[in-house]
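Taken in order, these protein sequences are the chains called P and S. Take 36 as the starting number for the first sequence in this note's numbering and just add one per residue. Take 3 as the starting number for the second sequence in this note's numbering and just add one per residue. For every residue, glycine included, the Cβ atom is placed at its ideal position computed from N, Cα and C. It should be emphasised that the depicted structure is a prediction, and the values quoted were computed from it without experimental measurement. Since the structure comes first, as structure tokens, the remarks are kept for the end.
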Amino acid sequence: MAKARKNSTVKLTFDTLQYAPAPESKSIAKIDTQYDLFINGKFEKPLSKKYFDTINPATEEKLSSVADANVADVDKAVQAARVAQDKIWSKMPAKERGKYIYRIARMIQERAREFSVIETLDGGKPIRESRDIDIPLAANHFFYYAGWADKLQYAFPNTNPKPLGVAGQIIPWNFPLLMAAWKIAPALATGNTVVLKPAETTPLTALKLAEIIQESDLPPGVVNIITGAGATGAAIVNHADINKIAFTGSTEVGKIIQRAVAGTNKKLTLELGGKAANIIFEDAAIDQAVEGVINGIFFNQGHVCCAGSRLFVQESVYPIVMQKLKDRIATLIVGDPMDKNTDVGAINSKQQLETIHKYINIGKKEGANIFESNCVLPKKGFFCKPTLFMNVAQSSRIAQEEIFGPVLAIQTFRTDDEVIEKANNTPFGLSAGVWTDKGSKVFNLTSKLRAGVIWANTYNKFDPTSPFGGYKESGFGREGGLHGLSAYLNV
Amino acid sequence: MARLEVLKTYKIYIGGQFPRTESGRYYSPKNKNGQSLANICLSSRKDFRDAVVAARGAFGGWSGRSAFNRSQILYRIAEILEGRRLQFVDELIKQNSSTKDAENEINLSIDRLIYYAGWCDKFQQVFSSVNPVASSHFNFSVPEPTGIVAIIAPQNTSLLGLISVIAPTIAGGNTCVVLASENKPLCAVTFAEVINSSDVPGGVINILTGKCSELIKYFADHMDVNAVVYCEKDKESQQLIKEKAALNVKRVLLYDSINWEDEEKGQSPYFIIDTQEIKTTWHPIETVGSAKAGY
């Protein structure tokens, strides 16, 4: 806990004011010991005959084993999706299509608590975030796009929008169910059928969603959910009978996919990495800004493509911002993701923890000054202390490369022009944050920052109606809102 | 004795200047009668790189102008083009058009510029949205230019195709580097002269002449280019462009089955939106007090 600051005139001791544990119960989570592939409306044993384990990153205990789909399994899923597209989904009246999607949305809401618990167990994110953000937003996303199904002609004036066909969708491990919703809901609303692959470390909520889809009586083959790692993803990308690839993940893999589909007519949307600038001007409400910075980089352990991982502070307020930031970090509760008080949960995998440690070492070697929370990490599981780097050079790798962890690179600036220049000096362009009390400055910054989402005096907010996606090497295409429809239509 | 005609030197157009290619190379395309059109600059990779530098330099200013001002400038291009229509008709005839086709092409070209001049300050309203988010935030999405667009102009027309791809690109605030039709390059160079006297800032439109087969790979793999436009059906080139575009996640736009003469399909605000990014901005709405907007 926080040590009282040395320069305080009144010494406060909060060490005794610990939060009592408030663990969420696991009993609501029904997790089978083994999951098969969801193809053509049924759970089918994989032709590969192989399974792999999915673990709880907070305890390193095995939760279940899931099927490892090979090329033949992918082919089976694509065939099912094609038949469903040709014979059923494309012929169904749009309003009926919409009603199926509404039904799925409601069923997610009904089972929200179970989904929250499984999301946290499988991925390591704090239960508070699964419960208040991931799961409700996922349900809302289905609700939002359900209503579009029979209104598409209003979205694209003077055109006759048509579905693309079969969509192959590959999603990451940071928001497992939410990303599945971002992918599936607009694809279905626009009349496409789907083969979706969740990430190998977080397959469980997608498989639970498959159960819901089965219960919803959605026609077999309209949504197929298959599990596996990179090879399964590659088989989807390279399948000749897929019309559309939607990928969310690293820029590195995104580029491989862009190359892989070059010789085909597959439509492509990519939602890739980021290195967002979060900018505090001297006239900002500093307490709110600090809270926004904390939310920007430590939300979901920093496993967020739009994380505010570069902080720019105007020189005149740098000392006070740093003091408040360090004080706030000391109060962050790091640990058991199932505890409702936890702020920062488990790192998603051992591999990701190693990547984060690699970058922390790089930051130290590059000469930046490090500050870590003095919290005590649990002995088991994958955890990382919230970390700040001060005195970071613009060319430093921790300021240029995506770390995808609770590590913040801090720089200072004097003028508006300087910070715009620095903020835009990155190959990425997914998001940015601006903190100032001056409206005209907000609009100057938002029009000059080259990024797809700008949060002004707020950060890391998401909504089904709000388009999300990047500029430059952060990818192309939008997810969410009216603009998210065009990724799945020929207009 | 008949008066000797003064022949025109066809040069390239980079950053508002008319240099010759730095490579010193040239080629001599011929028309169907076997008559050489002119000695045309055979642009090099270096010319392309210089043009990208000019386009990047011009981007901030051009994208930062008011949409109304961009609209006026596009209209101005059309005005100047109208005034020089006979020169274009001449060149089109020299490049195998009948008189009727040539006149049709220049008419459509001028009208296309007027069409996109009008869209400059309207497409944002059509493609923007205020998003009704569930939380207490004001949230809106607007299109913004993607940056530098490298364009291989349609190869089968000299003027109309060129204008049909340049106009929507710059109407949306992008800057561009354009490779002219290889076998019919005359109008592109003369069009550069039109641009140069139309208040278009130097670097916004850069026009190169040369060989598609030589330059296409550089258009696709330059790290400071944000999007590539290609209009031919050649599958190998399409694949090459898409593969190389992955280097910095360029947007690739293939207009390989567009009839540019078609006023329905050859022009639309969707051509503008193709080289736009959607930016979404969030800001909290203060919720204090209990006053409601009752009446």
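Listed by chain order, chain S residues near residue i by CB distance under 9 Å
{"i": "P/Val328", "result": "Per Cβ cutoff of 9 Å: no residues; P/Val328 is ~15 Å from chain S at best."}
{"i": "P/Gly263", "result": "Those do not exist, as P/Gly263 stays about 23 Å from chain S at its closest Cβ, beyond 9 Å."}
{"i": "P/Ala491", "result": "Thr283, Trp284, His285 and Pro286"}
{"i": "P/Thr236", "result": "Residues of chain S passing the Cβ test: none, with the nearest at roughly 25 Å."}
{"i": "P/Val543", "result": "What the structure shows of chain P is the stretch from 36 to 526, and residue 543 of chain P is not part of that stretch, so it cannot be assessed."}
Cβ shell of residue i (< 8 Å), same chain only, five flanking positions each side left out
{"i": "P/Tyr54", "result": "Ile368 and Asn376"}
{"i": "S/Ala190", "result": "Ala155, Ser160, Leu161, Leu164, Val180, Ala182, Ser183, Ile209 and Thr211"}
{"i": "P/Arg146", "result": "Lys243 and Ile247"}
{"i": "S/Val196", "result": "Ile79, Ile82, Leu83 and Arg86"}
{"i": "S/Tyr28", "result": "Asn41, Ile42, Cys43 and Leu44"}
{"i": "P/Lys399", "result": "Ile405"}
{"i": "S/Thr101", "result": "Val91 and Ile95"}
Proximal residues of chain S, C-beta to C-beta of residue i below 7 Å
{"i": "P/Arg513", "result": "Ile280"}
{"i": "P/Lys496", "result": "Ser137, His139 and Trp284"}
{"i": "P/Thr500", "result": "Asn133, Pro134 and Val135"}
{"i": "P/Gly416", "result": "What P/Gly416 touches in chain S: nothing, since even the nearest Cβ is about 32 Å away."}
{"i": "P/Thr481", "result": "Thr283"}
Per DSSP, the bridge partner or partners of residue i
{"i": "P/Lys374", "result": "Residue identity differs from the one stated: residue 374 of chain P is Asp in this sequence, not Lys. Looking at the DSSP assignment, P/Asp374 forms a beta bridge with P/Pro58."}
{"i": "P/Ala312", "result": "P/Arg345 and P/Ala467"}
{"i": "P/Asn525", "result": "P/Lys197"}
{"i": "S/Thr283", "result": "P/Ile489 and S/Phe142"}
{"i": "P/Met425", "result": "P/Asn404"}
{"i": "P/Asp88", "result": "P/Ser100"}
{"i": "P/Glu79", "result": "P/Leu72"}
{"i": "S/Thr177", "result": "S/Ile150"}
{"i": "S/Arg253", "result": "S/Ala229"}
{"i": "S/Gln278", "result": "S/Pro147"}
Boundaries of the alpha helix (DSSP H) in which residue i is found, first to last residue
{"i": "P/Trp183", "result": "Ile170 to Trp183"}
{"i": "P/Arg132", "result": "Ala129 to Glu145"}
{"i": "S/Leu83", "result": "Ala69 to Gly85"}
{"i": "P/Asp452", "result": "Asp451 to Asn459"}
{"i": "P/Glu250", "result": "Leu239 to Glu250"}
{"i": "S/Lys48", "result": "Arg47 to Gly66"}
{"i": "P/Thr283", "result": "Not the alpha helix (DSSP H): P/Thr283 falls in the beta strand (DSSP E), residues Lys279 to Thr283."}
{"i": "P/Val352", "result": "It is not in any alpha helix (DSSP H) - P/Val352 carries neither H nor E in the DSSP assignment."}
{"i": "P/Asn479", "result": "Gly474 to Lys483"}
{"i": "P/Val109", "result": "Val106 to Ala119"}
{"i": "P/Ala269", "result": "Gly265 to Val272"}
Proximal residues of chain P, C-beta to C-beta of residue i below 9 Å
{"i": "S/Val251", "result": "Thr286, Gly289, Lys290, Gln293, Leu305, Leu307, Pro462, Gly505, Lys507, Glu508, Ser509, Gly510 and Phe511"}
{"i": "S/Ala69", "result": "Neighbours of S/Ala69 on chain P: none; closest Cβ ~12 Å, over 9 Å."}
Listed by chain order, chain P residues near residue i by CB distance under 8 Å
{"i": "S/Val128", "result": "Pro192"}
{"i": "S/Gln241", "result": "Ala297 and Gly298"}
{"i": "S/Pro147", "result": "Those do not exist, as S/Pro147 stays about 10 Å from chain P at its closest Cβ, beyond 8 Å."}
{"i": "S/Ala155", "result": "Per Cβ cutoff of 8 Å: no residues; S/Ala155 is ~22 Å from chain P at best."}
Heavy atom of the ligand NAP within 8 Å of residue i beta-carbon
{"i": "P/Arg449", "result": "Here there are no bound small molecules, and the ligand NAP is not part of this structure."}
Segment limits, beta strand (DSSP E) that includes residue i
{"i": "S/Glu265", "result": "Per DSSP, S/Glu265 belongs to no beta strand (DSSP E) and is neither H nor E."}
{"i": "S/Ala152", "result": "Ile150 to Ile154"}
Listed by chain order, chain S residues near residue i by CB distance under 8 Å
{"i": "P/Pro196", "result": "Those do not exist, as P/Pro196 stays about 11 Å from chain S at its closest Cβ, beyond 8 Å."}
{"i": "P/Gly182", "result": "None at all; the shortest Cβ gap to chain S is about 12 Å."}
{"i": "P/Gly487", "result": "Glu279, Ile280, Lys281 and Thr282"}
{"i": "P/Val526", "result": "Tyr272"}
Residues of its chain near residue i, where Cβ-Cβ distance is below 7 Å and the 5 sequence neighbours each way are ignored
{"i": "P/Ala234", "result": "Ile206, Pro207, Trp208 and Pro211"}
{"i": "P/Ala181", "result": "Gly133, Ile136, Tyr137, Ala140 and Ala224"}
{"i": "S/Ile287", "result": "Ser138, His139 and Phe140"}
{"i": "P/Gly519", "result": "Pro221, Pro502 and Arg513"}
{"i": "S/Val206", "result": "Ala60, Trp64, Ile172 and Thr177"}
{"i": "S/Leu88", "result": "none"}
{"i": "S/Gln97", "result": "Asn33, Leu39, Ser160, Lys186 and Leu188"}
Cutoff 6 Å; reference residue i; Cβ partners in own chain excluding five residues on either side
{"i": "P/Gly516", "result": "Thr500, Ser501 and Pro502"}
{"i": "P/Glu131", "result": "none"}
{"i": "P/Thr304", "result": "Ala281, Gly512 and Ala522"}
Closer than 7 Å at the beta carbon, the chain P residues around residue i
{"i": "S/Glu245", "result": "Arg294 and Ala297"}
{"i": "S/Val143", "result": "The amino acid at residue 143 of chain S is misidentified as Val; the sequence shows Ser. Within chain P, the residues near S/Ser143 are Pro502, Gly516 and His518."}
is_contact[residue i, chain C] using C-beta, thresh 9 Å
{"i": "S/Asn33", "result": "Absent from the structure is chain C; the protein chains it does hold are P and S."}
Counting only runs of 3+ residues fully inside the segment 199 to 232 of chain P, write out the beta strand (DSSP E) ranges in chain order.
201 to 205 and 228 to 232
Which runs of the beta strand (DSSP E), 3 residues or longer, sit entirely within the segment 87 to 147 of chain S?
139 to 147
Identify every run of the alpha helix (DSSP H) within the segment 181 to 239 of chain S, keeping only runs that are complete inside it and at least 4 residues long; order them along the chain.
188 to 198 and 214 to 223
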